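What the sequence shown shows, in our numbering, is residues 2 to 279, in sequence order. Below is one structure; the comments refer to it alone.
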Amino acid sequence: MLTTISATRIRLRAPKYPVNGVLPYSWLASKVSIEAAGNIIEFTAPPHYPMTPGANRAIQAKRDVVEHGRSYDVPKAGTPPIIESWRSFFRTWAFNAPWWGGTVAQLSLMVEIVKPKRLKESADLLSYPALKYAIEEYIEANYHHIYVNNERINMYSKPDNWAVGSTKNSPYISLSMLRQGEHIRHILKFIPLNKEYFVCFCFVLDRQGRATDEQEIEKQIPAAPMIKLINGIMSSVEIQRKGVDDPESGFSEHRFIEEAKANPLASSDSGSVSLMAS
């Protein structure tokens with residue numbers, strides 16, 4: 002598997018009035034191709050903005066695997082991993098206020114190839130029930146909790162804005178979570194890759210408004226330009242699955258979507274639907 006991580010530090014400003022984000026370099030979007038587990042994931046995305054040296058460099062190494070996710074609740078030694086994941090893509094885009102108002106928001110994208118470790122051997126992630134369970138495992142591994150003075154504190158809200166969407170040729174499950182006490186929302190898109198792996202497109206939306214409530218932040222810094230970028234990227238995603246296109250493989254996009262609509266995640270709240278990319 003592969004990884005590419007080049008973090009961009011951007012100083013965000015709190016605007017004094019409502020602003021409209023400016024999408025940078027969207028006309029320069031280029032195709033990205035990731036090979037994983039014998040399958041190919043392709044999509045288009047604008048370059049880093051601001052540009053970051055080495056942002057597109059890929060390093061293939063087994064050591065890049067993240068065995069226990071990014072949860073602050075570090076597992077004890079010898080604890081079997083919940084998931085294994087490989088970070089294969091990372092970019093950040095800044096959004097500016099008009100009239101040289103400075104950067105007021107940023108959107109980051111990380112693409113992970115994920116293998117759940119607690120599924121039964123007979124489980125097939127190309128079926129919705131198995132992917133649903135795997136998503137819950139992913140959330141546990143990456144959006145868990147911390148302990149402060151032996152008190153458990155949740156870092157993120159419960160998953161909300163659950164939805165079913167489609168890329169060029171594949172269904173996906175979408176949900177989001179808000180980081181507690183901050184204006185940072187993680188918007189997650191889960192795509193089944195094959196029987197053992199799935200892909201997660203993790204978008205992180207950070208807006209520097211003066212209000213504390215997310216709905217008030219929306220009045221100051223509308224999320225529409227960021228959501229437009231997310232939707233554009235997801236609509237360009239194309240999955241070339243090895244062997245899955247064979248009629249005998251058993252994968253049915255229609256059946257997957259119908260099962261997903263009928264059985265949403267139990268923990269999903271209605272949430273701030275207006276901020277959600279579909």
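By construction, the Cβ of each residue, glycine as well, lies at the ideal position given by its N, Cα and C atoms. Source: prediction; values computed, not measured.
Go to residue 233, then tell me how far its alpha helix (DSSP H) extends in each direction, as first and last residue. Counting along the chain, the alpha helix (DSSP H) containing residue 233 begins and ends at 225 to 237.
In terms of DSSP beta bridges, what is residue 40 paired with? Residue 40 pairs with 37.
Tell me, please, which residues DSSP counts as bridged to residue 200. As DSSP reads the structure, residue 200 sits in a beta bridge with 114 and 192.
Compute the Euclidean distance between the alpha carbons of residue 203 and residue 108, then round it to the nearest angstrom. So the two alpha carbons sit approximately 10 Å from each other.
Is it a yes or a no for the stretch 87 to 96 touching the stretch 104 to 120, going by three-plus beta-carbon pairs under 8 Å? Yes, since at least three Cβ pairs between the stretch 87 to 96 and the stretch 104 to 120 fall closer than 8 Å, the two stretches touch.
Using C-beta distances below 6 Å, list every residue in its chain close to residue 125, excluding the 5 sequence neighbours before and after it, in chain order. Residues 131 and 196 of the same chain have their beta carbon placed closer than 6 Å to that of residue 125, with the five preceding and five following residues left out of the count.
For residue 145, tell me which candidate among 118, 133, 34 and 181 has the shortest Cα-Cα distance. Closest in alpha carbon position to residue 145, among 118, 133, 34 and 181, is 181.
Contact set for residue 157: own chain, Cβ-Cβ below 6 Å, skip 5 residues either direction: These residues qualify, in order along the chain: 144, 178 and 180.
Out of curiosity, what's the CA-to-CA distance linking residue 54 and residue 48? Here the model assigns residue 54 a pLDDT of 39, short of 50, so the residue's position is not dependable, and the following value carries that caveat. Cα atoms of residue 54 and residue 48: separation of roughly 11 Å, rounded to the nearest angstrom.
Under the assumption that residue 257 contacts residue 160 (Cβ atoms under 8 Å), give the Cβ distance between them as a whole number of angstroms. Contact between residue 257 and residue 160 is absent: CB atoms are separated by about 19 Å, not below the 8 Å threshold.
Mapping DSSP to helix, strand and coil, what is residue 98? In this structure, residue 98 counts as coil in the three-state DSSP scheme.
Could you have a look at residue 187 and say whether DSSP puts it in helix, strand or coil? Strand at residue 187.
Considering only the beta carbon of each residue, do residue 118 and residue 141 sit closer than 8 Å? With respect to the 8 Å criterion, residue 118 and residue 141 are not classified as neighbours on the basis of their beta carbons.
Mind checking residue 215: buried by the 16 CB within 10 Å criterion, or exposed? Residue 215 comes out buried.
If you follow the alpha helix (DSSP H) that residue 218 is part of, which residue opens it and which one closes it? Run containing residue 218: 215 to 221, per the alpha helix (DSSP H) assignment.
Should residue 135 be labelled buried (16 or more other beta-carbon atoms within 10 Å of its own) or exposed? Flag for residue 135 reads buried.
If I follow the unbroken alpha helix (DSSP H) through residue 132, where does it start and stop? First-last of the alpha helix (DSSP H) with residue 132: 129 to 143.
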